[in-house]
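Numbering (the numbering used here), first residue to last: 422 to 761.
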């Protein structure tokens, strides 16, 4: 009888339900939030527990992204994302590139599908001349760049010698567009650079004067084909641009002449990345001499540093040779760019 009673007690204990396990925390995501995961029954919560909130709320049509810009619909506006310096700095004509040479880069720090913006201010100090330029640039995805810039060329004492007035300043407006058609600056095959085609329409605000100096027109359009590649393993950036132009001194002295028109010119850049934020390099740019003033090609030795993800400073030693018959125009270049 004692053995039978013991056996019945063991059988009853085995059939009794086990106590529910204690849950230390409630799940944050529903079972349906994980694709392909089996359904998990909800865990009962105490009556005094607060309702569980999702970890991520779905984005609305306009959602602030904190320091990462703003999302409008499915478009990230001013959200950044590019590797530092891979959007280039700003040329004196307002497009992305080096200080003197246009690159195939698309300005702004936006990624594909995003919208970016940058602004720049540049000063060049020479023995006999001064250059100031400033402008803004819009980047649409990593595909299209639109820019506008204003450049002022101060003739200082040379203005009086040329008979146009002491400190006369030429003014030039440049409207640029650039389209990436193949490749990528950083990614993809090493042998395939990023390739972009573009145009810069320039208008002199001194039409009567530049014609009196021998220019055939007060406005003109440059056409460019650029190829740029950053070799990360070697920390080396290589760029080459062909420019089809008839601009005299980039357009400050008008376009073409009675005896000269469009020419193909070359712009080259070579940069070495010292760190994630710093680059040094050299640029060379050929120019036509349509007015027969003995204008020389331009070159620079530059250093660029990204103080923050948005603010970049570029300093350079520039050798612009002879300008308007005045030789030995060598001096300093300083440019600041803010990009989002």
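Think of the CB as a built atom: it goes at the ideal place given N, C-alpha and C, for glycine as much as any other residue.
- A distance of 7 angstroms or more separates the beta carbons of residue 551 and residue 527.
- The C-beta separation of residue 724 from residue 701 comes to about 5 angstroms, placing the pair in contact by the 8 angstroms criterion.
- Ranked by Cα distance from residue 729, the first of 659, 505 and 631 is 505.
- Partner residues in a beta bridge of residue 512, as assigned by DSSP, do not exist.
- For residue 759, the enclosing beta strand (DSSP E) begins and ends at 751–760.
- Beta-carbon to beta-carbon, residue 607 and residue 657 are separated by about 12 angstroms, too far to satisfy the 8 angstroms threshold.
- Of the residues 512, 516 and 711, the one whose Cα lies closest to the Cα of residue 679 is 711.
- Rounded to the nearest whole angstrom, the CA to CA distance from residue 598 to residue 525 is 11 angstroms.
- Within the DSSP bridge table, the entry for residue 531 names 502 as partners.
- Per DSSP, the unbroken beta strand (DSSP E) holding residue 702 starts and ends at 699–706.
- Remark: C-beta atoms of residue 648 and residue 661 approach each other more closely than 7 angstroms.
- Taking the Cα positions, residue 521 is about 18 angstroms away from residue 529.
- By the Cβ test, the region 615–625 is not in contact with the region 686–702, since fewer than three Cβ pairs between them sit closer than 8 angstroms.
- For the options 532, 513 and 531, the alpha carbon positioned closest to that of residue 523 is the one of 513.
- A residue is called buried once 16 or more other Cβ atoms fall within 10 Å of its Cβ, and residue 612, having fewer, is exposed.
- Under the DSSP definition of a beta bridge, residue 685 partners with 665.
- DSSP lists 699 and 734 as the bridge partner or partners of residue 726.
- Per the coordinates, the alpha-carbon of residue 603 lies some 39 angstroms from the alpha-carbon of residue 575.
- Of all alpha-carbon atoms in 676, 556, 535 and 741, the one lying nearest the alpha-carbon of residue 756 is that of 556.
- Residue 586 and residue 537 have their C-alpha atoms some 41 angstroms from each other.
- DSSP places residue 628 inside the alpha helix (DSSP H), whose first and last residues are 628–633.
- By alpha-carbon distance to residue 615, the top candidate from 715, 518, 714 and 502 is 518.
- Following the DSSP letters along the chain, one finds residue 602 inside the beta strand (DSSP E) bounded by residues 590–603.
- The three-state secondary structure of residue 655, taken from DSSP, is helix.
- Within a 10 Å sphere around the beta-carbon of residue 673 sit 16 or more other beta-carbons, which makes this residue buried.
- Between residue 636 and residue 676, the C-beta spacing is below 7 angstroms.
- The DSSP-derived three-state label of residue 624 is strand.
- Between the alpha carbons of residue 645 and residue 563 lies a gap of roughly 18 angstroms.
- Contact check for residue 758 and residue 511: beta-carbon distance about 5 angstroms, within the 8 angstroms limit, so the pair qualifies.
- In the structure shown, residue 581 adopts helical secondary structure according to DSSP, grouped into three states.
- In this structure residue 754 touches residue 721 by the C-beta definition: roughly 6 angstroms separates them, less than 8 angstroms.
- Boundaries of the beta strand (DSSP E) around residue 575: 565–575.
- Residue environment: residue 588 is assigned as exposed (fewer than 16 neighbouring CB atoms within 10 Å of its CB, all protein chains considered).
- Under the three-state reduction of DSSP, residue 671 is assigned to helix.
- The residues 587, in chain order, have a CB closer than 7 angstroms to that of residue 581 in the same chain once the five nearest residues on each side in sequence are set aside.
- Beta-bridge pairing by DSSP links residue 615 to 649.
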